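Residue numbers (this note's numbering): 1 to 162.
Glycine included, every Cβ here is placed at the ideal spot set by N, Cα and C.
This one's a predicted model, so the numbers in the text were calculated from it and none came from an experiment.
One structure is given here, and the rest of the page talks about it.
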């Protein structure tokens, strides 16, 4: 496949995803019993990592943008939070003394199987800054992965009924 064609396809999907993202504004989550805002932070996080470096274009295309519409559906339908993390993190810019404010940040994960035939599962992450006072906002989409025999498996893994 031609590299220029790949870049063209990437830019087309990125632009389409951005248009869809901007149209959403917010959605109601039955699991959180609150609205989830789709602000610029979430789309920025799809494109850039926590170090503000752009993610690899293949990662953006294959792991983020391609599943965006499914992620929105999952948040609208999911009634259960499958993952929860909480941490104290630095927020904002440094002040004159060289310190940054810290706040409690919570991440809520919603896992869903989006294709039985391809065995694809994704984790949709919503973030909240500031505990009960904070608003929920869309944060990320990740192919669900596990470690199996010390090999990282991304995106699809054989689904086993227990």
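- Within its own chain, no residue has a Cβ closer than 7 Å to the Cβ of residue 117 once the five positions on either side in sequence are excluded.
- Around the CB of residue 48, fewer than 16 other CB atoms lie within 10 Å, so the residue is classed as exposed.
- Around residue 43, the same chain offers 18, 21 as residues with beta carbons nearer than 7 Å, after the five sequence neighbours per side are excluded.
- Its chain contains 88, 89, 90, 91 as the residues whose beta carbon lies nearer than 7 Å to that of residue 102, once the 5 sequence neighbours on both sides are disregarded; these appear in chain order.
- Around the beta carbon of residue 99, a 10 Å sphere encloses fewer than 16 other beta carbons of the protein chains shown; the residue is thus reported as exposed.
- Beta-bridge analysis with DSSP links residue 86 to 106.
- Of 84, 137, 41, 129, the smallest CA-CA separation from residue 105 is found for 129.
- Burial check for residue 97: the Cβ neighbour count within 10 Å stays below 16, so the residue is exposed.
- Residue 122 is bridged by DSSP to 112, 143.
- Excluding its 5 nearest sequence neighbours in each direction, residue 35 has C-beta neighbours in its own chain below 6 Å: 26, 28, listed in chain order.
- Taking 8 Å as the cut-off, the Cβ atoms of residue 13 and residue 66 count as close.
- Here DSSP, grouped into helix, strand and coil, assigns residue 71 to helix.
- DSSP lists 28 as the bridge partner or partners of residue 35.
- Selection 62, 121, 77 evaluated against residue 7 yields 62 as nearest (Cα-Cα).
- Straight-line spacing of the CA atoms in residue 9 and residue 69 works out to 17 Å.
- Distance from the Cα of residue 81 is smallest, within the candidate group 115, 114, 124, for 124.
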